[in-house]
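Okay, structure first, notes after.
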């Protein structure tokens, strides 16, 4: 990871008892071969809620990030099989608990 590397921070809550499945699906999705997908990522589980995941995704550069998030399928709300699997595991109420915010690294180890 490097300074100014673009990323996305996401807070995702699984349906009750589905946290393990959500983590598995998200882990597998990061190996889908998308050339503009994240190159560095962390999936973290809340110590207080096993169904709550924080995802930190970082992309090669701003151009990769822009291509990834401006794909026609994403803009039209069409999900591929991997993303649909995740959507099916997500709890209702994302407008209340969800977080999805673009970031850039300031410093990293």
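Numbering (the working numbering), first residue to last: 166 to 274. Beta carbons are placed, not taken as given, at the ideal position from N, Cα and C, and that holds for glycine.
By DSSP's assignment, residue 269 forms a beta bridge with 171. For residue 217, the enclosing beta strand (DSSP E) covers residues 217-223.
When the beta-carbon positions are compared, residue 178 and residue 256 come within less than 7 Å of each other. Excluding its 5 nearest sequence neighbours in each direction, residue 262 has C-beta neighbours in its own chain below 6 Å: 178, listed in chain order.
By DSSP's assignment, residue 264 forms a beta bridge with 176. Put simply, of 264, 201, 254 the residue whose alpha carbon is nearest the alpha carbon of residue 235 is 201. Residue 193 counts as exposed, since fewer than 16 other C-beta atoms from the protein chains shown sit within 10 angstroms of its C-beta.
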